[in-house]
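So the sequences go chain by chain: A and B.
Counted from 1, the first sequence has number 5 at position 5 by the working numbering; the numbering is strictly sequential.
Counted from 1, the second sequence has number 167 at position 167 by the working numbering; the numbering is strictly sequential.
Below is one structure, written out as structure tokens; comments come after it.
Number of protein chains: 2
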Amino acid sequence: MLFYDCATAPSPRRARMFIAEKGLEIETREISIANGEQLSDAFRAVNPGATIPVLITDEGATLTENLGIAAYLEARFPEPALMGRSAEEKGAVLMWNAIAEQQCGAPIAETLRNSHPSFKDRAITGPANHAQIPELAQRGVARVGAFFALLEDRLRDSDFIAGKAFSLADITAFVFVDFARVIKQRIPSENTATQSWYDAIRARPSAQL
Amino acid sequence: MLFYDCATAPSPRRARMFIAEKGLEIETREISIANGEQLSDAFRAVNPGATIPVLITDEGATLTENLGIAAYLEARFPEPALMGRSAEEKGAVLMWNAIAEQQCGAPIAETLRNSHPSFKDRAITGPANHAQIPELAQRGVARVGAFFALLEDRLRDSDFIAGKAFSLADITAFVFVDFARVIKQRIPSENTATQSWYDAIRARPSAQL
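Written out as structure tokens, the structure reads:
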């Protein structure tokens, strides 16, 4: 297998943590988004969508999108399970993963990409350029605040976001909560359940990579 | 089990098709988005996120988000498989499902919700109001056009979007391609592979519901 990674971006970090939690060592190539390498002809020959992460499987297939990579690795390397064991757990993991993507990851990206000068005309990932829309930046901050409240409610009832076991949903939420610093949003000091959860995940070896 | 549905919206249609393709009959309650029932106290006691679809499992858990519902049903009722059998197929299904959600479903919603008067202050689903941003409406149309081109490329190589078998990814893409009519976007006449795929799925009993 071959893994295309980028050390500075949250999406590839999710896949990198998933791979590490599985105990896998996969040959890795670093693509520098800072240098625009994701838009190079060489990388677009790998992924025309110009996004990272990408996993080339042993069978030669090209998988993009975090959920595509996770589903493949979960099926090939079932232990430790990161996407649930029972039907209910499997449902809860993908439910909370979607909530974290849509209500935390998406608004952070909206705010960053529509406000920071380095994302001028790069408001959306991918090969096409899209102009920044400043109103999206403000909306994103409000939405991340709502997600922090939702997450605190959930983690007061549950050690991990999708239930009793650490899962893909924790990886997704952790990476985005951590990345919220780029839009100057941090876990509110009164959200003690979230802070405990965050500290526990930050201490895992997979979070150091 | 108990399924909360809405006949007019694309997200619950995805779950409805998935349930029908599994051959399941689940007790269903209709929530009228046209009448704002998703924001009622009664429905928010079921799903505080105020979104449809929702599945209440036999074990009493509340699953929201299409992927949460699909993963649960796939594990409990494995046949027919709708999320892949091999590791590669499982990866491809969730990869293409994510691409269809992000590159077709999201921009259609962006355009509709940021342009139509009936979505004033409802630019995003959920309990909080968000003002419309007219620039998003224009951007959404361009992005749906790019998705139609990507889909045609894919379907010239493959009978179904994620490979040789009909899957969740076809349901997601079909529902959103169909729903693109609300922003006056249709399959371009030269996209013959997409049209053949669309006609074949439209003929399935699950697409009639």
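Virtual Cβ for every residue (Gly too), placed ideally from N, Cα, C.
Alpha-carbon to alpha-carbon, residue j and residue i
i, j, result
"A:His-130", "A:Asp-153", "36 Å"
"A:Gln-132", "B:Ser-115", "18 Å"
"B:Val-177", "A:Thr-192", "44 Å"
"A:Gly-49", "A:Arg-13", "18 Å"
"B:Cys-6", "B:Ala-106", "18 Å"
"A:Ala-180", "B:Ala-100", "26 Å"
"A:Ile-161", "B:Lys-164", "35 Å"
"A:Arg-3", "A:Val-46", "One detail in the question is off: residue 3 of chain A reads as Phe in this sequence, not Arg. Distance between the alpha carbons of A:Phe-3 and A:Val-46: 11 Å."
"A:Cys-104", "B:Ser-86", "31 Å"
"B:Pro-53", "B:Ser-118", "21 Å"
"A:Asp-58", "A:Glu-27", "12 Å"
"B:Pro-134", "A:Pro-134", "12 Å"
"A:Ala-128", "A:Asp-157", "42 Å"
"A:Glu-25", "A:Leu-209", "12 Å"
"A:Leu-151", "B:Leu-55", "21 Å"
"B:Phe-148", "A:Ser-189", "46 Å"
"A:Thr-125", "A:Arg-44", "13 Å"
"A:Leu-63", "A:Met-83", "18 Å"
"A:Arg-122", "B:Pro-10", "28 Å"
"B:Glu-30", "B:Thr-172", "21 Å"
"A:Pro-78", "B:Gln-138", "44 Å"
"A:Asp-170", "A:Asp-159", "10 Å"
"B:Thr-8", "B:Val-182", "11 Å"
"B:Gly-60", "A:Lys-120", "47 Å"
"A:Phe-174", "B:Arg-186", "39 Å"
"B:Leu-155", "B:Gln-195", "10 Å"
"B:Glu-88", "A:Glu-88", "23 Å"
"B:Phe-166", "B:Ala-207", "13 Å"
Residue range of the unbroken beta strand (DSSP E) whose run includes residue i
i, result
"B:Thr-192", "That residue, B:Thr-192, is in no beta strand (DSSP E); its alpha helix (DSSP H) goes 192–202."
"A:Ile-56", "54–56"
Residue i: first and last residue of the uninterrupted alpha helix (DSSP H) it sits in
i, result
"B:Leu-73", "66–76"
"B:Phe-148", "134–157"
"B:Asp-121", "No alpha helix (DSSP H) holds B:Asp-121; DSSP gives it neither H nor E."
"B:Leu-168", "168–179"
Cross-strand partners of residue i (DSSP beta bridge)
i, result
"B:Glu-30", "B:Asp-5"
"A:Thr-62", "A:Ile-56"
"A:Arg-247", "With chain A covering 1 to 209 only, the question about residue 247 of chain A has no answer from this structure."
Reduced DSSP category for residue i - H, G, I as helix; E, B as strand; rest coil
i, result
"A:Gly-163", "strand"
"A:Pro-186", "The question names Pro, but residue 186 of chain A in the sequence shown is Arg. Reduced to three states, the DSSP call for A:Arg-186 is coil."
"B:Arg-16", "helix"
"B:Arg-44", "helix"
"B:Arg-85", "coil"
Interface flag, residue i vs chain D, CB-CB below 7 Å
i, result
"B:Lys-120", "Absent here is chain D; the protein component of the structure consists of chains A and B."
Closer than 8 Å is the cut-off here; do at least three beta carbon pairs connect the region 103–113 of chain A with the region 141–156 of chain A? Yes, since at least three Cβ pairs between the region 103–113 of chain A and the region 141–156 of chain A fall closer than 8 Å, the two stretches touch.
Would you call the region 27–40 of chain A and the region 19–35 of chain B touching, i.e. three or more CB-CB distances under 8 Å? Look at the beta carbons and you see the region 27–40 of chain A not touching the region 19–35 of chain B: under three pairs across the two are nearer than 8 Å.
Taking one C-beta from the region 26–38 of chain B and one from the region 195–202 of chain B each time, how about it: are there three or more such pairs within less than 8 Å? Taking one beta carbon from each stretch, the region 26–38 of chain B and the region 195–202 of chain B have fewer than 3 pairs nearer than 8 Å; the two do not touch.
Pairs of beta-carbons, one from the region 62–80 of chain B and one from the region 86–93 of chain A, closer than 8 Å: are there three or more? A contact exists between the region 62–80 of chain B and the region 86–93 of chain A.
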